[in-house]
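Residue numbers (the numbering used here), protein chains in the order written: chain A, 11 to 196; chain B, 11 to 196.
Presented below is the structure to which this report refers.
There are 2 protein chains.
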Amino acid sequence: MRVLGVDPGLTRCGVGVVDSLRGRRAALVAAGVVRTDPDTSVDLRLLGIAQGLDQWLDEYVPDVVAVERVFAQHNAGTVMGTAQAAGLAMVAAARRGIPVALHTPSEVKAAVTGSGSAGKEQVQRMVQNILTLAAPPKPADAADALALAITHLWRPAGALQGGERGGGLTPAQKAWAAAEHAAKRR
Amino acid sequence: MRVLGVDPGLTRCGVGVVDSLRGRRAALVAAGVVRTDPDTSVDLRLLGIAQGLDQWLDEYVPDVVAVERVFAQHNAGTVMGTAQAAGLAMVAAARRGIPVALHTPSEVKAAVTGSGSAGKEQVQRMVQNILTLAAPPKPADAADALALAITHLWRPAGALQGGERGGGLTPAQKAWAAAEHAAKRR
Numbered sequence: 011m012r013v014l015g016v017d018p019g020l021t022r023c024g025v026g027v028v029d030s031l032r033g034r035r036a037a038l039v040a041a042g043v044v045r046t047d048p049d050t051s052v053d054l055r056l057l058g059i060a061q062g063l064d065q066w067l068d069e070y071v072p073d074v075v076a077v078e079r080v081f082a083q084h085n086a087g088t089v090m091g092t093a094q095a096a097g098l099a100m101v102a103a104a105r106r107g108i109p110v111a112l113h114t115p116s117e118v119k120a121a122v123t124g125s126g127s128a129g130k131e132q133v134q135r136m137v138q139n140i141l142t143l144a145a146p147p148k149p150a151d152a153a154d155a156l157a158l159a160i161t162h163l164w165r166p167a168g169a170l171q172g173g174e175r176g177g178g179l180t181p182a183q184k185a186w187a188a189a190e191h192a193a194k195r196r
Numbered sequence: 011m012r013v014l015g016v017d018p019g020l021t022r023c024g025v026g027v028v029d030s031l032r033g034r035r036a037a038l039v040a041a042g043v044v045r046t047d048p049d050t051s052v053d054l055r056l057l058g059i060a061q062g063l064d065q066w067l068d069e070y071v072p073d074v075v076a077v078e079r080v081f082a083q084h085n086a087g088t089v090m091g092t093a094q095a096a097g098l099a100m101v102a103a104a105r106r107g108i109p110v111a112l113h114t115p116s117e118v119k120a121a122v123t124g125s126g127s128a129g130k131e132q133v134q135r136m137v138q139n140i141l142t143l144a145a146p147p148k149p150a151d152a153a154d155a156l157a158l159a160i161t162h163l164w165r166p167a168g169a170l171q172g173g174e175r176g177g178g179l180t181p182a183q184k185a186w187a188a189a190e191h192a193a194k195r196r
């Protein structure tokens, strides 16, 4: 399975593509950032994000698009642009009939580090380890997008199928399930 | 000049098209609402909004698209969907090379009623009067979209051209300019 992760943002929108391998391993396919010029008008910046995401989807043809779930409470100064970039990613996927999954930042941290409160650097180091890279992926937005994609690959089976939880989960997957459960109760 | 106004929303996205006439009059071209099913997933709902707006733009070919400016502080429960619908409207216009204008709710109230703190019903009655309709446009989202379009038609000359303010403005236009000025200082 190929997952394209999107760390939404108006100035820098991180994109990361990961393929699942046997034995719960994952391989880096590509990672990067769609950037827009803060001095340009918002409509043209959003168009730049939409066109950039279209290119990534056309080039890498993922099976799923995983987008960070944006909450109204966070970062009042940038939350509008972040929400709008996330919306564009969802529509770009939906136009192509590609399923969309939303994951919270806590879920991502729990999935890749085992702790829902891990720091950014810890997430980047784990992305490096999981994908067996020589160095942490740069910039941070690309690393976060890869972490989102990995989170989706490693989601607990019950998360999609509604089946029983807890059988054969890794510690990270159990932490992911707990974070997901906590998010649903908000 | 033809303006298409968008009152963004995820469940109901108001759309209104207005043509300018001589002597600061305006004529209704069309108004309606793009609706999405709250029981559907967010990505498919946003796709529905995007496709609905595409149809309106293709059918009515406006010179300008006027979108309500969404603020992070307002309506925490729905602000994400509202911001995302606004973003889709901006991108739909930008893809066609149509200029986008953003107007705050206060600007809209001031433009059509002369008061930045007017109520919703007062705005609807004024939209009815301005467009010489037999009844207030329904539903409210369509009326708000028409008010946005009228606001853009009646914006002070200085708002776009950066020229001097105050010469020959109507009371409503002066209130609009004051509301715009207040919004810029936020």
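For each residue, glycine too, the CB sits at the ideal point set by N, CA and C.
Exercise. Would you check if the distance between the CB atom of B/V101 and the CB atom of A/L56 is smaller than 7 Å?
Key: yes
Quiz prompt | Cβ neighbours of A/G172 in the same chain (closer than 8 Å, five flanking residues each side left out) | solution = The pLDDT assigned to A/G172 is 28, lower than 50, so where the model puts this residue is not dependable, and the model offers no usable value.
Quiz prompt | Proximal chain A residues relative to B/L98, where beta-carbon distance stays under 7 Å | solution = G97 and V101
Exercise. With A/V77 as the anchor, note down where its alpha helix (DSSP H) starts and where it stops.
Key: Taken as a continuous stretch (DSSP letters only), A/V77 belongs to no alpha helix (DSSP H), being part of the beta strand (DSSP E) at V74 to E78.
Quiz item: Within 7 Å (strictly less), CB to CB, does A/A104 reach chain B?
Solution: For A/A104, the answer is yes, since a Cβ of chain B falls inside 7 Å of its Cβ.
Quiz prompt | Residue span of the alpha helix (DSSP H) that contains A/R135, given as start and end | solution = K130 to I140
Exercise. Flag B/V16 as yes if its beta-carbon sits less than 7 Å from any beta-carbon of chain A, otherwise no.
Key: no
Exercise. Kindly indicate which three-state DSSP category A/G168 falls into: helix, strand or coil?
Key: Because the pLDDT of A/G168 is 49, which lies under 50, any placement of that residue in the model is unreliable, and the question is left without a value.
Exercise. Kindly list the residues whose CB is nearer than 6 Å to the CB of A/V27, restricted to its own chain and excluding five residues on each side of it in sequence; keep chain order.
Key: Cβ within range, chain order: L14, V39, A40 and Y70.
Quiz item: What is the DSSP secondary structure of B/E174, reduced to helix, strand or coil?
Solution: Any reading at B/E174 must be qualified, since the residue scores a pLDDT of 29, below 50, and its modelled position is unreliable; no value is offered.
Quiz item: Is B/T21 near B/P48, with beta carbons less than 7 Å apart?
Solution: yes
Quiz item: So who's on the other strand from B/G15, going by DSSP bridges?
Solution: B/G26 and B/A76
Practice problem: Under the assumption that A/A199 contacts A/V122 (Cβ atoms under 8 Å), give the Cβ distance between them as a whole number of angstroms. | Solution: Here chain A has residues from 11 to 196 only, and residue 199 of chain A is not among them.
Quiz item: For A/E131, is the classification buried or exposed, using 16 other Cβ atoms within 10 angstroms of its Cβ as the cut-off for buried?
Solution: exposed
Practice problem: Starting from the C-beta of A/V133, find all residues in its chain whose C-beta is less than 8 Å away, skip the five residues before and the five after it, and write them out in chain order. | Solution: Excluding sequence positions up to five before and after A/V133, its CB lies within less than 8 Å of the CB of V118, K119, V122, T123, A153, D154 and A157, all in the same chain and listed in chain order.
Self-check item: 7 Å Cβ cutoff, A/A155 in contact with chain B
Solution: no
Practice problem: For my contact list, B/L63 and B/V43 are in at a C-beta cut-off of 8 Å; report their separation, rounded to the angstrom. | Solution: At roughly 11 Å, the Cβ-Cβ gap does not stay under 8 Å, so B/L63 and B/V43 are not in contact.
Quiz item: For B/V89 and chain A, any beta-carbon pair shorter than 7 Å?
Solution: Taking a beta-carbon distance threshold of 7 Å, B/V89 counts as an interface residue toward chain A.
Quiz item: Straight-line CA distance for A/E174 to A/L112?
Solution: Here the model assigns A/E174 a pLDDT of 29, short of 50, so the residue's position is not dependable, and the following value carries that caveat. C-alpha separation (whole angstroms): 21 Å.
Quiz item: Exposed or buried, A/M90, counting other C-beta atoms within 10 Å across all chains shown (16 or more means buried)?
Solution: By the neighbour-count rule (16 or more Cβ atoms within 10 Å), A/M90 is buried.
Exercise. Please classify B/G42: does DSSP put it in a helix, a strand, or coil?
Key: Residue state, collapsed to three classes: strand.
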